[in-house]
Amino acid sequence: MPQIIDGKAISTAIKEELKIEVGKLKEEHIHICLAVIQVGNDPASSVYVGNKKKACAYIGIDSQSYELPEETTQEELLKLIRDLNEKKEVNGILVQLPLPKHIDEDEVIRAIDPKKDVDGFHPQSVGALCIGQPGFVSCTPAGIIQLLKRSGIEIAAKECVVIGRSNIVGKPMALLLLRENGTVTVAHSRTKDLKEVTKRADILIVAVGRPKMITKEYVKEGAVVIDVGIHRNENNKLCGDVDYDDVASVCSAITPVPGGVGPMTIAMLMHNCVEAGKAQ
Ligand code: NAD
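Spelled out as structure tokens, the structure:
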């Protein structure tokens with residue numbers, strides 16, 4: 631039986647630590663506040679936004695909610711972001727993605743003050759990560775590093791393979807593993823002989839966005855497997871990019887879906903909000 635990496639327990643531990651820290655900051659009259667912007671009412675986005683606000687309330691972070699109609703213009707959204715950049719009491723700004731098609735996401739992300747970029751998507755934050763400077767790190771990959779560290783899994787000198795090269799998961803994940811002194815390979819849709827590459831991995835991070843694609847044929851005996859994917863199968867049950875039962879028979883540690891990477895994303899967002907509040 632592999633070690634099951636319990637993202638629910640680890641994220642709860644992080645939230646408890648943050649709750650204590652936020653309580654202490656309040657005693658010094660430092661209040662932390664996150665502004666959450668949602669444009670339109672995509673049901674999945676509403677669930678994510680609701681969960682983020684709940685986590686804020688639990689930890690003691692104030693949240694301001696901006697629910698804008700679908701037909702909001704780019705200029706209106708940019709103006710709101712500029713106003714929030716100026717507001718002293720707002721420490722973090724989160725724009726829930728995806729945005730409606732008529733809005734340029736990149737321009738919106740660039741409008742956020744990097745000091746308030748708690749999602750870590752601003753080019754300045756990504757650049758800082760790339761050259762090893764302090765800055766906010768994208769929450770899902772940052773959460774995966776915490777999962778590994780808090781499960782006692784050493785990264786330094788390990789062969790790490792990341793499948794996927796998206797800006798929010800794959801690329802920052804590779805940079806973070808490199809920062810932890812892993813030997814990192816990034817595989818993607820144009821990689822030749824994917825199995826040959828993934829079988830080298832001591833730590834395999836899977837962010838392909840394809841349900842149950844990774845079976846034991848892709849995994850070296852004893853590897854650690856982190857599954858970033860989230861999908862609903864034909865029975866409306868959640869599953870990941872990894873075929874869990876199949877891969878569990880060969881790996882040494884694995885994250886379940888749900889209860890693995892998913893809960894870590896919000897915990898790391900809360901961590902970034904606290905860091906933003908302390909720095910400001
Ligand atoms: P994406 O679609 O932007 O990127 C997928 C990547 O996989 C691409 O870079 C592509 O090159 C690669 N890829 C696609 N097919 C491939 C193949 N056959 N072989 C090799 N590589 C292939 O997805 P994303 O935003 O990085 O998200 C990946 C998954 O993680 C999705 O299932 C998403 O829902 C999930 N996700 C979960 C969380 C979380 O909090 N748990 C956060 C973000 C994303």
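Per the working numbering, residue 631 is the first one in the sequence shown, and the count goes up by one each step.
Quick reminder that beta carbons are idealized off the backbone N, C-alpha and C, glycines included.
Keep in mind that this is a model prediction, so the values were computed, not measured.
Cβ of Val799 versus every heavy atom of the ligand NAD: is any distance shorter than 7 Å? The answer is yes for Val799.
Alpha carbon of Pro886 to alpha carbon of Ile640, nearest angstrom: Note on geometry: alpha-carbon atoms of Pro886 and Ile640 lie some 13 Å from one another.
Exposed or buried, what is Val677 when buried is set at 16 or more other beta-carbons lying within 10 Å of its beta-carbon? Around the beta carbon of Val677, a 10 Å sphere encloses fewer than 16 other beta carbons of the protein chains shown; the residue is thus reported as exposed.
By a C-beta neighbour count over all protein chains shown, 10 Å radius and 16 as the cutoff for buried, is Gln726 buried or exposed? Counting Cβ neighbours within 10 Å, Gln726 comes out buried, since at least 16 surround it.
Under the three-state DSSP convention, the category Val669 falls into: Strand.
Could you check the C-alpha separation between Cys760 and Ala909 for me, to the nearest Å? Just so you know, the alpha carbons of Cys760 and Ala909 end up roughly 21 Å apart.
As assigned by DSSP and simplified to three states, the class of Cys604: Outside the shown range of the chain, which is 631 to 910, sits residue 604, and nothing can be said about it.
Hey, is Val838 close to the ligand NAD, as in C-beta under 7 Å from one of its heavy atoms? For the ligand NAD, at least one heavy atom lies less than 7 Å from the Cβ of Val838.
Within 8 Å, strictly: CB atoms of Ala853 and Ile635: Contact flag unset, no.
Assuming Leu707 and Ile733 form a contact by the criterion Cβ under 8 Å, report the distance between their Cβ atoms to the nearest whole angstrom. Beta-carbon to beta-carbon, Leu707 and Ile733 are separated by about 6 Å, close enough to satisfy the 8 Å threshold.
Tell me which same chain residues have a C-beta within less than 7 Å of the C-beta of Lys656, skipping the five on either side of it? These residues qualify, in order along the chain: Gly690.
Where does Asn902 land, buried or exposed, given buried means 16+ other C-beta within 10 angstroms? Buried.
Taking the DSSP output, what are the residues bridged to Tyr696? Beta-bridge analysis with DSSP links Tyr696 to Ile667.
Under a three-way DSSP split, which group does Glu864 fall into? Glu864 carries a coil assignment under DSSP once its states are collapsed to helix, strand and coil.
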